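Asker:
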Amino acid sequence: MEKYELEDSLKEEIRSRTLGEGFIKLVQSVRRGGGRFRISLRPVEIGGERKYQAEMAEGRDVQVKNFDANGAAEGVEEIIAQKGARELHLITATGDLHVRVTKKGHVLVSRSSGVEREATVKPHDRVKNLPLAQFDSAAYLKAAGLADGDGRIRASMRGKYDQVNEFLKVVGEVVAPCAKAPSTVFTAVDFGYGKAYLTVALYFYLVHVLGYSDAKVVGVDRRADVIESARKMAEKLDVADRVEFIEADIGAYNAESIDLVVSLHACDTATDESIAKGVEMHARYILSAPCCQHELQKTIGPQSSKPFAGLLRQGILRERMCDILTDAFRAMILRILGYKVQVMEFVSSEATARNIMLKCEYGVKPGQPGPVGEYLELRDWWKVVPWLETRLAPLLEKHLSRYD
Ligand SMILES: C[S@@+](CC[C@H](N)C(=O)[O-])C[C@H]1O[C@@H](n2cnc3c(N)ncnc32)[C@H](O)[C@@H]1O
Numbered sequence: 141m142e143k144y145e146l147e148d149s150l151k152e153e154i155r156s157r158t159l160g161e162g163f164i165k166l167v168q169s170v171r172r173g174g175g176r177f178r179i180s181l182r183p184v185e186i187g188g189e190r191k192y193q194a195e196m197a198e199g200r201d202v203q204v205k206n207f208d209a210n211g212a213a214e215g216v217e218e219i220i221a222q223k224g225a226r227e228l229h230l231i232t233a234t235g236d237l238h239v240r241v242t243k244k245g246h247v248l249v250s251r252s253s254g255v256e257r258e259a260t261v262k263p264h265d266r267v268k269n270l271p272l273a274q275f276d277s278a279a280y281l282k283a284a285g286l287a288d289g290d291g292r293i294r295a296s297m298r299g300k301y302d303q304v305n306e307f308l309k310v311v312g313e314v315v316a317p318c319a320k321a322p323s324t325v326f327t328a329v330d331f332g333y334g335k336a337y338l339t340v341a342l343y344f345y346l347v348h349v350l351g352y353s354d355a356k357v358v359g360v361d362r363r364a365d366v367i368e369s370a371r372k373m374a375e376k377l378d379v380a381d382r383v384e385f386i387e388a389d390i391g392a393y394n395a396e397s398i399d400l401v402v403s404l405h406a407c408d409t410a411t412d413e414s415i416a417k418g419v420e421m422h423a424r425y426i427l428s429a430p431c432c433q434h435e436l437q438k439t440i441g442p443q444s445s446k447p448f449a450g451l452l453r454q455g456i457l458r459e460r461m462c463d464i465l466t467d468a469f470r471a472m473i474l475r476i477l478g479y480k481v482q483v484m485e486f487v488s489s490e491a492t493a494r495n496i497m498l499k500c501e502y503g504v505k506p507g508q509p510g511p512v513g514e515y516l517e518l519r520d521w522w523k524v525v526p527w528l529e530t531r532l533a534p535l536l537e538k539h540l541s542r543y544d
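Under my numbering, the first residue of the sequence shown carries the number 141, and numbering increases by one thereafter.
1. So the alpha helix (DSSP H) His-238 belongs to, where does it begin and stop?
2. If you drop the 5 nearest sequence neighbours on each side, which residues of the same chain put their C-beta closer than 7 Å to that of Tyr-343?
3. Does the beta-carbon distance from Tyr-280 to Thr-324 come in below 8 Å?
4. Assign Lys-300 to buried or exposed, taking buried as 16 or more other Cβ atoms, counted over all protein chains shown, within 10 Å of its Cβ.
5. Cα-Cα, which of Phe-469, Ile-473, Val-241 and Gly-391 is closest to Pro-504?
6. Flag this pair as yes or no: are the beta carbons of Gly-334 and Asp-302 separated by less than 8 Å?
7. Are there any heavy atoms of ligand 1 lying less than 7 Å away from the beta-carbon of Arg-382, as far as the coordinates show?
8. For a test of the three-state rule: what should DSSP assign to Pro-263, helix, strand or coil?
9. Rounded to whole angstroms, what is the Cα-Cα separation between Leu-457 and Glu-306?
10. Can you name the residues that DSSP bridges to Thr-411?
11. Determine the contact status of Gly-245 and Tyr-144, defining contact as a CB-CB distance below 8 Å.
12. Who are the near neighbours of Gly-418 in its chain, counting only those whose CB is closer than 6 Å to its CB and skipping five residues on each side?
13. With the cut-off set at 8 Å, would you say Gly-291 and Val-349 are in Cβ contact?
14. Can you check DSSP and say which residues form a bridge with Gln-193?
15. Quick check: does the Cβ of Arg-363 come within less than 7 Å of any heavy atom belonging to ligand 1?
16. Please report the residue range of the alpha helix (DSSP H) in which Gly-455 lies.
17. What's the gap between the Cα of Leu-270 and the Cα of Asp-520?
18. Let me know if Glu-501 comes out buried or exposed under the rule of 16 or more other beta-carbons within 10 Å of its beta-carbon.
19. Asp-83: buried (16+ other C-beta within 10 angstroms of its C-beta) or exposed?
20. Closer than 7 Å to a non-hydrogen atom of ligand 1 - does that hold for the CB of Leu-436?
21. Short of 6 Å in beta carbon distance, which residues of its chain neighbour Asn-206, apart from the five on each side in sequence? Order them along the chain.
22. For Leu-248, which residues from the same chain have a beta carbon less than 6 Å from its beta carbon, with the 5 sequence-adjacent residues on both sides left out?
23. So Ala-109 packs on Met-421, CB below 8 Å; how close in whole Å?
24. Quick one: what does DSSP say Ser-582 is sitting in, helix, strand or coil?
25. Could you tell me if Gln-508 is buried or exposed, where buried requires 16 or more neighbouring beta carbons within 10 angstroms of its beta carbon?
26. Leaving out the 5 sequence neighbours to the left and right, which residues in its chain are closer than 6 Å to Phe-331 when beta-carbon positions are compared?
27. Among the residues of its own chain, which have a CB less than 6 Å from the CB of Leu-518, if the five just before and after it don't count?
28. Helix, strand or coil, according to DSSP, for Ala-225 in the structure here?
29. For a test of your reading of the model: does the CB of Ala-493 fall under 7 Å from any non-hydrogen atom of ligand 1? Yes or no.
30. When you compare only the Cα positions, how much space is there between Leu-159 and Ala-209?
31. Using CA atoms only, rank isn't needed, just tell me which of Arg-298, Leu-286 and Leu-451 is closest to Glu-490.
32. Can you check the region 267–295 for any alpha helix (DSSP H) of at least 4 residues that lies completely inside it and give the ranges in chain order?
33. Are Leu-452 and Ile-440 touching if we call contact CB-CB under 8 Å?
34. With distance defined between alpha-carbon atoms, name the residue in Leu-146, Ala-287, Met-497 and Val-204 nearest to Pro-430.
35. Looking only at its chain, what residues have a beta carbon closer than 7 Å to the beta carbon of Leu-535, apart from the 5 residues adjacent to it on each side?
36. Can you tell me the Cβ-Cβ gap for Ala-328 and Ile-398, rounded? I've got them flagged as a contact below 8 Å.
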């Protein structure tokens with residue numbers, strides 16, 4: 141028997157207890173190259189089927205993969221065949237097995253017995269259904285700072301993690317998976333990318349989940365201090381040639397055509413600018429989660445609508461009322477310009493209080509009397525001109541003038 145090798149009977153015990161009934165978890169930890177390599181295997185239920193989830197962690201790199209029984213059996217053989225000093229801990233419903241292989245190659249074995257645990261296989265569907273769990277996102281999560289070195293989502297980043305997941309879920313609802321040649325180009329712009337959480341995740345989601353292997357994502361932000369870290373993240377993840385970051389005002393960005401425009405909490409009228417750019421660039425999809433909104437608050441007042449004077453006098457009610465009106469105007473303008481629009485809560489209000497999204501897909505005849513009439517009636521009742529109307533006047537005028 142070679143140094144560090146386990147006895148055949150011990151190997152067989154590890155195999156049968158890991159792949160048999162009552163298996164809860166197997167963890168092996170090995171020192172190598174001054175660091176530690178840790179692998180764990182546990183059963184999970186995915187889509188009603190029993191699978192095995194392996195987590196491999198080395199330094200700051202963590203990878204999580206799911207295997208069927210054959211893949212898990214191969215993994216167990218690799219674990220058993222591991223050389224060098226190591227510790228193995230096998231947990232089953234009836235007890236634990238501890239194996240310690242010392243530096244000198246001595247194998248020390250201990251077993252607990254008489255334990256009665258329930259080996260429940262935890263359903264993994266909820267996690268599996270999250271967009272960030274539909275591809276190997278471990279490297280992204282760490283590079284973006286959403287996960288710590290062990291691959292766990294940082295408590296302080298849970299809200300952002302949820303926002304990105306739920307935003308991508310909506311992308312998956314509107315954008316059909318790539319059905320044509322894999323080389324179909326799909327272009328997306330993220331306006332006001334900030335720390336680029338969404339920008340980079342969107343790229344991976346388009347490629348690995350929706351199958352657009354030739355996807356390209358551009359992030360546009362006017363802040364000079366965010367571009368370096370965003371570019372570094374793209375380089376680290378080896379996608380710098382497909383995820384480009386530009387330092388510019390949204391209003392200065394131009395592209396002939398674009399498939400998808402996203403904006404997540406672009407401040408104030410930057411949301412309107414993103415929407416306007418999306419329309420001008422003939423974006424098929426516009427997904428916009430607005431942020432703070434000040435524009436309408438400046439112009440709306442008791443003179444706009446007397447019955448609301450008491451409401452508008454209260455700062456917080458005035459703010460919320462203006463947010464709602466602004467989003468309603470945005471939705472109506474987009475409908476006039478040929479988009480099907482749904483205003484929805486894309487994520488829970490615990491993840492962010494700014495949880496409204498305008499989910500828009502081009503595809504109806506522009507300038508229909510219904511949407512135009514509804515828009516004019518609301519706008520004129522409030523005696524305001526929304527910022528987006530002014531911004532998109534060249535495209536809107538012909539539709540609005542017919543009913544004015
Ligand atoms: C609240 S942050 C959101 C960042 C990111 N989308 C997220 O959700 O994590 C808003 C970002 O929009 C950018 N921004 C606001 N107005 C802009 C404009 N007119 N042009 C370009 N970027 C703008 C800001 O610089 C900032 O980085």
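Just so you know, even glycine gets a beta-carbon here, dropped at the ideal spot from N, CA and C. Nothing here was measured: the structure is a model prediction, and the numbers come from that model.
Answerer: This is what the structure gives:
1. First-last for His-238: 235–241, but that is the beta strand (DSSP E), not the alpha helix (DSSP H).
2. So the qualifying residues of the chain are Ala-355, Val-357, Val-379, Arg-382 and Val-383.
3. It is not a contact, given that the beta carbons lie outside the stated cut-off.
4. With 16 or more Cβ atoms within 10 Å of its Cβ, Lys-300 is classed as buried.
5. Checking the displayed sequence, the identity of residue 504 turns out to be Val instead of Pro. Out of Phe-469, Ile-473, Val-241 and Gly-391, Ile-473 has the C-alpha closest to the C-alpha of Val-504.
6. For Gly-334 and Asp-302, no; Cβs fall outside 8 Å.
7. Outside the cutoff, so no.
8. For Pro-263, the pLDDT reaches just 48, beneath the cut-off of 50, and the residue's location in the model is therefore unreliable, although a value from the coordinates is still provided. Note: Pro-263 maps to strand in three-state DSSP.
9. For Leu-457 and Glu-306, the distance between alpha carbons rounds to 28 Å.
10. Paired residue(s): none; Thr-411 is not in a bridge.
11. Contact flag set, yes.
12. Here the set comprises Val-401 and Ile-426.
13. Val-349 sits away from Gly-291, with the two beta carbons spaced by 8 Å or more.
14. Beta-bridge pairing by DSSP links Gln-193 to Arg-182 and Asn-206.
15. The answer is yes for Arg-363.
16. Gly-455 -> alpha helix (DSSP H) spans 455–476.
17. Cα-Cα distance, rounded: 43 Å.
18. So Glu-501 counts as buried.
19. No statement about residue 83 is possible, as the shown extent of the chain runs from 141 to 544 and does not include it.
20. Distance from the C-beta of Leu-436 to the nearest heavy atom of ligand 1 is not below 7 Å.
21. Residues of the same chain with a CB within less than 6 Å of the CB of Asn-206, apart from the 5 flanking positions on each side, are Lys-191 and Gln-193 in chain order.
22. Excluding its 5 nearest sequence neighbours in each direction, Leu-248 has C-beta neighbours in its own chain below 6 Å: Arg-240, listed in chain order.
23. The displayed coordinates of the chain run from 141 to 544. Any statement about residue 109 would go beyond what the structure contains.
24. Nothing about residue 582 can be read from this structure; the chain reaches only from 141 to 544.
25. Result: exposed.
26. The residues are Val-360, Ile-390, Ser-403, Ala-406 and Ser-414.
27. By the criterion of a C-beta distance shorter than 6 Å, Leu-518 is surrounded by no residue of its chain, once the five residues flanking it on both sides are discounted.
28. If DSSP states are grouped into helix, strand and coil, Ala-225 belongs with coil.
29. Checking every heavy atom of ligand 1 against the Cβ of Ala-493, none is found closer than 7 Å.
30. The C-alpha of Leu-159 lies about 8 Å from the C-alpha of Ala-209.
31. Out of Arg-298, Leu-286 and Leu-451, Arg-298 has the C-alpha closest to the C-alpha of Glu-490.
32. Taking only runs of at least 4 residues, the alpha helix (DSSP H) segments lying wholly in the region 267–295 are 278–283.
33. Yes, Cβ-Cβ distance for Leu-452 and Ile-440 is below 8 Å.
34. Of Leu-146, Ala-287, Met-497 and Val-204, the residue nearest in Cα terms is Met-497.
35. Val-419 and Leu-477.
36. The Cβ separation is near 7 Å, so the contact holds.
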